[in-house]
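Report on one structure; see the data block that follows.
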Amino acid sequence: MRLLELEFENFKSFKGHVTVPLGPGFTCITGPNGSGKSNITDAILFVLGSRSNKLLRARNRKQLIYGFQEGSKKKTGPKSCKVSMVFDNRDRFLAIEKDQVTFTKGIKLRGNDTATHYLLDGIKSSAGEFEALFSRAGLYATGYNIIQQGDVIQTSLMSGTERRHKIEDVAGITAYDNRLRSTRSARNSVEADLTLLNERAKEAKRTLNQLEREKEDAEKLETIIDEIKENELLLRFRTVFDLEAEIESRRDVVEKYTGELIKLEKEQEKRSNEIKENQKEFEDVENTITVSGGDKARELQEELDKTRVAHALAERNAEKAREELELLESGRKILNEDYNESSKDLKKLTHDLDKATKKVKKLESQVSAKVTRLNELEGAAANNSEAVTTQRDELESLRKDAGELEMQKHRLEGEKEQLEIQLTSAEEQIVRSKQWLESVKTDAKEADFQLKDLEVGNESASKNLDNIKTKHNNVLRTIESHQKRLSELETKLRNDSMQLASQEAAQRAREEFGGYTKGVKALLQCRDERKLKGIIGTIAELGRVDEKYATALEVAAGARLQSIVTEDDDAAATAIDFLKRNNVGRVRFLPLNKVHSYKPSAHALLVSKKEGAMGFAQDLVKFDSRYKDVFGNVFGDTVIMETLGKAREHLGTSRMVTLEGELLESGGALVGGSAPRIGIHFGTSERDNIDELTDNIRKLETEKLQLSSQLGELLEEAGQLATVRQELEGERAAFQTRVTDYDGRAGEVKKRLDEADDAVKIREGVMEALQGEILERIGLLETLEKDIEKVAKHIGKSTQDLQAVAGGKTSKVISELQISLDEIREEFSTEQASLASLTAKLDATKTEVGRLKGELELNQNEQKELQETRKTESSNAKTLEKKLKSLRKEEDVKFKELKGLRDQRDKLRDLLTNLRTELASKQELRRSRKHAMNDLKVEMAIREPKLVEAQSRIPEETKKPQTVPSREKLESSKEILDRNRNRLGNVNMLSLEHYRLEAERFDEIKKHRKQLKEEVRRLDNLEKKISDKKESKFMGVYNSISESFKTSFKEITGGGEAWLVLENEKSPFEGGVTIKARMPRKKLYPVEALSGGEKSLVSMAFIFAIQGYDPSPFYLLDEPDQNLDGVNTEHIGRAIALQSNFAQFLVVSLHHAALRESDNVIGVFMGDDGVSRLHQIIDVDTFLSSLPVEAEVGA
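To convert a position in the sequence shown, counted from 1, into the numbering used here, add 191.
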């Protein structure tokens, strides 16, 4: 490949279109200085792609256009320029399938800027395409084959490293460098990725360690939850099994009792018949004895009967006295234990009171000291200002008032606590008194009943048999009526029980999934199972609301929907103790005897009357009137508004809730958004149905039990009436005696009844008075609280005013001292309250100790009286027993002839007694069996729907366990599992999935890290291989160029010597390449010490050496011989001519020797018009001879 010609068009000093033909070999361009010779060189650089205006010897691209003058207002002249290089490409050196290729590059003026365009064989091209084609051909604007004017010695002047880079370019190891850079960049990138991955691995490991702990907790919780579910399922099976066992056992007992009843009925009939037969025989014997013995026998018999009755009564009274003594002794032991315990409490309270008194005195002295110091500071401030004095006096007055109010408050609190303790004691006394009253009433009823029974018996003895038969028939009719009613009751009870079980199951399902807390659910269950008394229900159950207001009212109530209403605070305390013992959470209680509603504020009243107001929340709920204060406490003065827009008009004045559930606090806060979803709602009529059914069942069971009892009594009475006819005559005398005895006893019991009744009334009056006093104290305390709060606000304001007036450092000290004083006062107030409480407890304990002591004394006195009674009655019984024996002996002596009849009579009497006792036992057993059967049937009817419900709670297709632990064991396991779950606290259940994902991520990171490490090793090996190849390639090129350099320099200089030297032979790339040269007949010098001409020769020799290794298609040398003398110019000329046999040389030169050695000479001349023109010089010698001799030198 060679350059055929250059074409210019308005390029620099060449006007119009100019063609420069270039022949093969050595072409020399010559001409006077300033004629434009170097512009030809610039044209070639322009096309090859020089981006530097400096290399083109122009300040900007506009100066490349002919005639362009910066700042000129001249509008005429060329607006563009272009240069074309035409190559012979028959050897396809250029990667284009053409024999001749033309590269054209031009610029055009566009306003104040220029536009560059490229043409390849007349077709639009680009700078990138030009650069790609030229670089493949080894043509560069800055290549070693192009030397611009004045740059010939640059090869000699460049540093060793730059020279080494030149050799590297020739060797083509730039590609190695690029690969090395790419490899190192890749390795650095991989190492950076590896470092990042290591950090990510550490982070992932830390996260895994953290998640592992959370995962372990989550796994434990999962296991616990599974065990809880399994335990719950077993509990359900246990419930089913227990109910089945209970029903089955009751069914077995019913069947057993049914058989027993049939047997007992037969035996009862048999004993009745035996009694009738023996009674008739007894009466016959008795009549015979009476007839045979006459009046004396009757009198003796009556005396025996009286003595026998009196003896029985004395023994019974003695036995009763013994039983009452045992009861009193048992009560005395309990009272004694209570007395000892209260005495211990009294001692402890006394010690605690002394300790609290000392602490109060200590705090009081601290308060006094700080008050004194504060007074001093405020007094000092007051001396400096009349305003401060006024403020100080006002503050002192307020503090005095506050102190007095606090004292009154503590006094009232102590009085209130004392009254509450007294009230509790009075309530306990009322309970005991009522128990005593009930006991006395029972005794009175028993005495009355026995007395009436005796009177009826006595009266019945005088009535005829017809009346007895009539009564017997009435009893039988009553029995039939009771049996019919009992059957109806059993049917009704069974139906109501099944309906109740169904509704309770539905209610429990709602409660279980309705959002109630664990504690609320437990209490409701205890209420339904009657394990806890006084639990009425939750606010949600007790209220009924219109659907329109449901959302608003549920938002207004909030968490208080779960508040549990109790009959009194005792029931609440019992429930709280239950919650603690079972560890099932906390619940808010509203005892009816303590809770009170809040009065609506003035702002709330005004808002409730505004447009859009629906009314106060509690007015929109339907509830029993006895719960008015409860619902007032829950809702307060909350107003229900129709819309948010209406409510916002009054925002910040009162608490409001809109129909859609937006909550507007009185402080100005708003809560709203999507409709709230809460699981607790106000109750429906189903709760009423459950309560109604429960009451009905309770009434039915009571009525059934009463009927069963009455039926048993009627049956017994019927039996008695059947036999009373035979008994009345024989027992008439005994009845009269017993009537007289019980008449006296009934009077005594009635007297005790009146005393007990009076005691209850007195204690109830005391309790009522105490309750009134407590309410009065509560009202006073509320008033005092408001007064204290009001005074506290005034004190705060006065303190701030005083500090503001005092100002400066004094104000700060007063403020700090006031804060400290307030803290101590608060502690002092707390301790005073504690002291008042301890004092009240101490007084109450003293009272309790006194009461217990009095009751112990009363108990001892009663025991003494009963012991005396027992002694007297026992003595009477012994006396009567002796009398009875004496009468019997007299009977035996006087009526020996009647001994056989008396023995027969006594045997018959004993037999009748035994038979009647056995009959009564059978009747009692039969009655108890019937009652038990009825109870068992009711229990079965109650349990059957519960069994159905329990079975329905077990999921379908659940495999029935072979064995189920006991309920106690399951409940214990449940408590342990709940404790274990609570011990874990809040557990992140998502940690299981997070751990899995993080573990996968960590494994992926480790895998990726392993791959990156392998990649680093691979890149290290690749870098080593590339470095080894690069060094091998470099050394091969270096050695070749070094040998060529020696030869070229010797030829150019005519015998001189020069060679290349590596600065670091072991690591060539860590050093440069230096040149050492010795001119003919001269010493060896480093290249830096040579003259300019000698440096030019070295540079040319280096270029020719490179040419020998990596020849370029053409060489462009602009005045390479400008620093040489004549002899050396000839050497250079001959050398170029010799090299032109292998490559095309374009040389700009003024020396004759170069012109003579060249194959083609082109002259460049510039006329007076400043335009460069070309001339082909054919005869070089003629041209040179026409020049003056000094022209060469002058050039």
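All C-beta atoms in this analysis are idealised placements derived from N, C-alpha and C, irrespective of residue type, glycine included.
Taking the Cβ atom as the reference point for each residue, do residue i and residue j lie within a distance shorter than 8 Å?
i, j, result
"residue 298", "residue 255", "yes"
"residue 1286", "residue 347", "yes"
"residue 1259", "residue 1251", "no"
"residue 235", "residue 1308", "no"
"residue 1026", "residue 895", "no"
"residue 1118", "residue 452", "no"
"residue 449", "residue 1074", "no"
"residue 1036", "residue 544", "no"
"residue 1334", "residue 1305", "yes"
"residue 1046", "residue 518", "no"
"residue 547", "residue 1018", "no"
"residue 362", "residue 1225", "yes"
"residue 1284", "residue 1315", "yes"
"residue 747", "residue 682", "no"
"residue 1365", "residue 292", "no"
Classify residue i: buried if its beta carbon has 16 or more other beta carbons within 10 angstroms, exposed otherwise.
i, result
"residue 207", "exposed"
"residue 345", "exposed"
"residue 304", "exposed"
"residue 1303", "buried"
"residue 224", "exposed"
"residue 1263", "buried"
"residue 286", "exposed"
"residue 319", "exposed"
"residue 233", "buried"
"residue 1370", "exposed"
"residue 1373", "exposed"
"residue 899", "buried"
"residue 897", "exposed"
"residue 687", "buried"
For residue i, name the three-state secondary structure that DSSP assigns.
i, result
"residue 735", "strand"
"residue 256", "strand"
"residue 1153", "coil"
"residue 1276", "strand"
"residue 203", "coil"
"residue 1259", "helix"
"residue 1136", "helix"
"residue 292", "strand"
"residue 344", "coil"
"residue 299", "strand"
Touch test, the segment 459-469 against the segment 1100-1115, Cβ-Cβ under 8 Å, three pairs minimum: yes
The segment 765-777 contacting the segment 707-727, beta-carbon criterion three pairs below 8 Å: yes
Given 8 Å, three or more beta-carbon pairs between the segment 747-755 and the segment 810-826: Touching, yes, given that three or more Cβ pairs across the two stretches are closer than 8 Å.
Length-filtered (4 minimum) alpha helix (DSSP H) runs lying within the segment 1280-1367: 1283-1300, 1317-1330, 1343-1348
Complete runs of the alpha helix (DSSP H) confined to the segment 781-847 [at least 4 residues]: 793-799, 819-826, 835-839
Stretch pair the segment 1131-1139 + the segment 433-444: three plus CB contacts closer than 8 Å: yes
Cβ contact (3+ pairs, closer than 8 Å) linking the segment 1230-1239 and the segment 1295-1304: yes
Validate contact between the segment 840-860 and the segment 729-742 using beta carbons, cut 8 Å, 3 pairs: yes
Three-pair Cβ contact test at 8 Å for the segment 1201-1219 versus the segment 796-805: no
Sufficient close CB pairs (3 or more, under 8 Å) joining the segment 1157-1168 to the segment 387-397: no
Sufficient close CB pairs (3 or more, under 8 Å) joining the segment 811-818 to the segment 725-734: yes
The segment 196-204 touching the segment 1270-1286, judged by at least three CB pairs closer than 8 Å: The segment 1270-1286 and the segment 196-204 do not touch, with fewer than three beta-carbon pairs separated by less than 8 Å.
Stretch pair the segment 213-227 + the segment 1340-1359: three plus CB contacts closer than 8 Å: yes
At least three beta-carbon pairs within less than 8 Å, the segment 715-729 to the segment 854-863: no
Stretch pair the segment 467-474 + the segment 1037-1046: three plus CB contacts closer than 8 Å: When C-beta atoms of the segment 467-474 are compared with those of the segment 1037-1046, fewer than three pairs fall below 8 Å, so the two segments do not count as touching.
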